[in-house]
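J.: Residues in the sequence shown are numbered from 145 upward in steps of one, following this note's numbering.
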Amino acid sequence: MSLPAVLLLALVAPVLALENGLLRTPPMGWLAWERFRCNINCEEDPKNCISEKLFMEMADRLAQDGWRDLGYIYLNIDDCWSSGRDAQGRLVPDSKRFPHGISFLADYAHSLGLKLGIYGDLGNFTCMGYAGTTLDKVGQDAETFAEWKVDMLKLDGCYSTQEEQALGYPKMAAALNATGRPIAFSCSWPAYEGGLPPKVNYSLLANICNLWRNYADIQDSWESVLSILDWFVKYQDVLQPAAGPGHWNDPDMLLIGNFGLSFEQAQSQMALWTVLAAPLFMSTDLRTISPQNMGILQNPLMIKINQDPLGIQGRRILKDKSHIEVFLRPLANEAYALVFFSRRTDMPFRYGTSLAQLGLSSAKVYEAQNVYTGNIISGLQDKTNFTVTVNPSGVVMWYLYPVRKRAQSQD
Ligand code: GLA
């Protein structure tokens, strides 16, 4: 960012506080991109192309298969939905693929108790070359989205300069506010700025966006999950304090149900994203997802942890020489989420430790519920030694909660 842009942002951002009161917990839902990309070939691939039919079918699944009732309420369109602008300069959806228009889709989502998200790009074009939102179009596009009764906007940043982004993102936040419709604002801005200070000012960003992409796009592979995780851990001192109710770091979509992850890896992504207080945007075919993958995504205790009201992002607290890593997220009611994550590639590893060794010294007696198996371990005091068996590239995840104070005589 050039100096004038930095100064300008510092001046305008506090005035343009988003203040929409939305997303006090990380958003949950479904986002088309990772799985369905820019497939616009409805002639040959009608079931999988980006069209209103795809979104209506996913809406039906969200409503009927238990997703909505667990909190997965956002149905989000990504790139490749528009055909350009009309004579008045208003964005228009592709008339073949979205014959009834976006407001029809919003009504459909709302009728099922869901919310509709849409995608735009601050710049001359979207990343796939569709109509972008140049600075002069920000206000008009915000009004269009509000008229369509859209509930979330993901604003990408392809084909714009740093200066345009520094002006455009706060401008869009203000324009969304001005519509009077609560529209959650997902910004890709930091990802285009390298995701780190001094280029990215996370305190300012929290006033402008409800969530933001910090880093590279996720791809359908374990390698991609690890590269994102590694980056989030490397910079956790910067990123962890940036998250909180109403403003979240977004490590990108969940791959669970697709092609690149083993069962253990799918469990790991879910556990790690949850401990990072990340948005839970699935991007998979909900019409054909297996019961096993559904089980991972619909784990009620996992969701309760992800949606913890304190909204504190977790951290990696330990990297053991055995290649076991431990992540910790503080939760409401003095509880914690603990994730034991294996980077090993050999066999299930027996990792022995105690709460005290993990930095959790206290006079309380804890119980731990294994989030995936449901097993409960009782009577854990800080010096109690315990062992968890962690599968290669897998996790053991605990919900740890105090049950009572340790009796005096035991101290
Ligand atoms: C960028 C974003 C992705 C997706 C594509 C669409 O790469 O980071 O999440 O929205 O654009 O073109």
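Glycine included, C-beta positions come from ideal geometry on N, C-alpha and C.
1. With 16 as the cutoff for other CB atoms within 10 Å, does Arg234 come out buried or exposed?
2. If distances are taken between C-alpha atoms only, which option among Tyr543, Asn437, Phe471 and Gly173 comes closest to Gly257?
3. Quick one: measure Cβ to Cβ for Val509 and Gly523, integer angstroms, because I've assumed they're closer than 8 Å.
4. Reducing DSSP to helix, strand and coil, say where Thr497 ends up.
5. Three-state secondary structure (DSSP) at Lys549?
6. Apart from the five residues just before and just after Ala421, which ones in its own chain have a Cβ nearer than 8 Å to its Cβ?
7. Heavy atom of the ligand GLA less than 6 Å from the Cβ of Asp222, yes or no?
8. Please classify Glu337 as buried or exposed, where buried requires at least 16 other C-beta atoms within 10 Å of its C-beta.
9. Quick one: grab the DSSP three-state call for Glu188.
10. If you measure from the CB of Met202, is any heavy atom of the ligand GLA nearer than 6 Å?
11. Near Lys463, which residues of its chain fall below 6 Å by C-beta distance, leaving aside the five closest residues on each side in sequence?
12. Taking Ser466 as part of the alpha helix (DSSP H), name the residues at either end of that continuous run.
13. When DSSP labels each residue in this structure, what does Ala507 get in the three-state scheme?
14. Pro237 bridges to which residues according to DSSP?
15. Per DSSP, which residues does Leu219 bridge with? Please list them.
16. May I have the straight-line CA-CA distance separating Ser365 from Gln306, to the nearest angstrom?
17. So, do the segment 294-311 and the segment 268-284 have three or more beta carbon pairs nearer to each other than 8 Å?
18. Given 6 Å as the limit, tell me if Trp177 has its C-beta closer than that to any heavy atom belonging to the ligand GLA.
19. Just how far apart, CA to CA, sit Gln513 and Tyr543?
20. Assuming Ala507 and Lys549 are in contact, meaning their beta carbons sit under 8 Å apart, how far apart are those beta carbons, in whole angstroms?
21. Specify the secondary structure class of Gln411 as computed by DSSP and reduced to three states.
22. In angstroms, rounded to a whole number, what distance separates the CA positions of Tyr516 and Leu502?
23. Could you tell me how far apart the beta carbons of Thr428 and Gly401 are, in whole angstroms, since I believe they sit closer than 8 Å?
24. Which of the three DSSP states is assigned to Asp429 in this structure?
25. Please classify Lys298: does DSSP put it in a helix, a strand, or coil?
26. Could you give the distance in angstroms between the alpha-carbon of Ile194 and the alpha-carbon of Leu348?
27. In terms of residue numbering, what span does the beta strand (DSSP E) encompassing Asp394 cover?
28. Considering only the beta carbon of each residue, do Leu441 and Met202 sit closer than 7 Å?
29. Could you check if Cys271 belongs to the surroundings of the ligand GLA, using beta carbon to heavy atom distance under 6 Å?
30. Report yes if the CB atom of Thr278 is closer than 7 Å to the CB atom of Gly264, and no otherwise.
31. List the residues that DSSP assigns as beta-bridge partners of Gly388.
32. Cutting at 8 Å between CB atoms, please list the residues of its own chain near Pro148, excluding the five before and the five after it.
T.: Judging by the given coordinates:
1. On the sequence shown, residue 234 is found 90 positions in, with the first residue counted as 1. Burial call: exposed.
2. By 1-based counting over the sequence shown, the position of residue 257 is 113. Ranking the options by Cα distance to Gly257, first place goes to Gly173.
3. For the purposes of this step, residue 509 is taken as the residue at position 365 of the sequence shown. For the purposes of this step, residue 523 is taken as the residue at position 379 of the sequence shown. Going by Cβ atoms, the distance from Val509 to Gly523 rounds to 6 Å, so yes, they are a contact pair.
4. In the sequence shown, counting from the first residue as 1, residue 497 sits at position 353. Looking at Thr497 - three-state DSSP - the assignment turns out to be strand.
5. In the sequence shown, counting from the first residue as 1, residue 549 sits at position 405. In the structure shown, Lys549 sits in a strand (DSSP, three-state: E or B).
6. Here residue 421 refers to the residue found at position 277 when the sequence shown is read from its first residue. Excluding residues within five positions, the ones whose Cβ falls inside 8 Å are Pro170, Ala387, Trp392, Asn393, Asn450, Asp452, Gly455, Ile456, Gln457, Gly458 and Arg473.
7. Position 78 of the sequence shown, counted from the start, is the residue given in the question as residue 222. True, at least one ligand heavy atom lies under 6 Å from that Cβ.
8. Counting from one through the sequence shown, the residue named residue 337 turns up at place 193. It is buried - the Cβ of Glu337 has at least 16 other Cβ atoms within 10 Å.
9. Position 44 of the sequence shown, counting from 1, holds the residue named residue 188. Correct three-state label for Glu188: coil.
10. By one-based count along the sequence shown, residue 202 stands at place 58. Outside the cutoff, so no.
11. Within the sequence shown, numbered from 1, the residue matching residue 463 stands at position 319. So the qualifying residues of the chain are Glu469.
12. As a first step, residue 466 is located in the sequence shown; it is residue number 322 there, counting from the start. It is not in any alpha helix (DSSP H) - Ser466 carries neither H nor E in the DSSP assignment.
13. Working through the sequence shown from its first residue, we reach residue 507 at position 363. Ala507 falls in the coil class under three-state DSSP.
14. As a working mapping, residue 237 is identified with position 93 in the sequence shown. BP columns for Pro237 point to Ser226.
15. Within the sequence shown, numbered from 1, the residue matching residue 219 stands at position 75. Trp174 and Leu260.
16. Within the sequence shown, the letter at position 221 stands for residue 365. Within the sequence shown, the letter at position 162 stands for residue 306. Answer to the nearest angstrom: the Cα atoms are 30 Å apart.
17. yes
18. The residue labelled residue 177 in the question sits at position 33 within the sequence shown. The answer is yes for Trp177.
19. Along the sequence shown, one-based indexing puts residue 513 at 369. Along the sequence shown, one-based indexing puts residue 543 at 399. Approximately 5 Å, taken between the alpha carbons.
20. Within the sequence shown, the letter at position 363 stands for residue 507. Within the sequence shown, the letter at position 405 stands for residue 549. Contact holds; Cβ gap of about 6 Å.
21. As a working mapping, residue 411 is identified with position 267 in the sequence shown. In this structure, Gln411 counts as helix in the three-state DSSP scheme.
22. Taking the sequence shown and counting its residues from 1, one reaches residue 516 at position 372. Taking the sequence shown and counting its residues from 1, one reaches residue 502 at position 358. Rounded to the nearest angstrom, the two C-alpha atoms are 21 Å apart.
23. If you number the sequence shown from 1, residue 428 lands on position 284. If you number the sequence shown from 1, residue 401 lands on position 257. About 3 Å; that satisfies the 8 Å criterion.
24. To locate residue 429, count along the sequence shown from 1; it is residue 285. DSSP places Asp429 in coil when its eight states are reduced to three.
25. Here residue 298 refers to the residue found at position 154 of the sequence shown. Strand, per DSSP.
26. As a first step, residue 194 must be located in the sequence shown, where it is residue number 50. As a first step, residue 348 must be located in the sequence shown, where it is residue number 204. When rounded, the distance between both Cα atoms is 34 Å.
27. Mapped onto the sequence shown, residue 394 falls at position 250. Element bounds for Asp394: Trp392 to Asp394.
28. As a first step, residue 441 is located in the sequence shown; it is residue number 297 there, counting from the start. As a first step, residue 202 is located in the sequence shown; it is residue number 58 there, counting from the start. Against a cut-off of 7 Å, the Cβ pair of Met202 and Leu441 comes out as no contact.
29. Residue mapping note: residue 271 aligns to position 127 of the sequence shown, counting from 1. Under cutoff, so the answer is yes.
30. Taking the first residue of the sequence shown as position 1, residue 278 is located at position 134. Taking the first residue of the sequence shown as position 1, residue 264 is located at position 120. It is not a contact, given that the beta carbons lie outside the stated cut-off.
31. Mapped onto the sequence shown, residue 388 falls at position 244. The partner list for Gly388 (beta bridge, DSSP) reads His391.
32. Within the sequence shown, residue 148 is the residue found at index 4, counting from 1. Legend: pLDDT at Pro148 = 49, less than 50; position of this residue unreliable, value from coordinates given subsequently. The answer, listed in chain order, is Glu307.
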